[in-house]
């Protein structure tokens with residue numbers, strides 16, 4: 041099974057969109073909650089170069105920090121959709 045990690049923020053609608061796609065595709069993932077203050081999001085900044093969420097890491101496929109919910113949803117569909 042792939043090691044997916046999702047950096048997210050409680051109540052974030054963009055994060056919810058990605059989580060819905062993960063659930064739809066029945067993918068297991070590790071959730072990492074980030075602080076609400078952008079200045080405190082050092083971990084997500086280290087993996088993605090920015091402080092926005094959601095950010096997806098997929099080590100199995102060499103994705104080290106993909107931002108933008110639409111891009112993540114498209115990636116998940118393309119990478120895992122046919123296997124579901």
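Residue numbers (the working numbering): 41 to 124.
Every residue, glycine too, gets a C-beta built ideally from N, C-alpha and C.
Predicted model, so just to flag it, every value in this text is computed and none were measured.
What does the Cβ neighbour count give for residue i, buried or exposed, with the cut at 16 atoms within 10 Å?
{"i": "residue 75", "result": "exposed"}
{"i": "residue 98", "result": "buried"}
{"i": "residue 82", "result": "exposed"}
{"i": "residue 48", "result": "buried"}
{"i": "residue 73", "result": "exposed"}
What would DSSP say about residue i, mapped onto helix, strand or coil?
{"i": "residue 68", "result": "coil"}
{"i": "residue 48", "result": "strand"}
With DSSP as the reference, identify every bridge partner of residue i, one or two as the case may be.
{"i": "residue 110", "result": "According to DSSP, which records beta bridges pairwise, residue 110 is partnered with nothing at all."}
{"i": "residue 95", "result": "47, 107"}
Can you give me the Cβ contacts of residue i inside the same chain, cut-off strictly under 7 Å, excluding the 5 residues immediately before and after it?
{"i": "residue 84", "result": "47, 74, 91, 93, 95"}
Apart from the five residues on each side of it in sequence, which residues of its chain come closer than 6 Å, Cβ to Cβ, to residue i?
{"i": "residue 80", "result": "none"}
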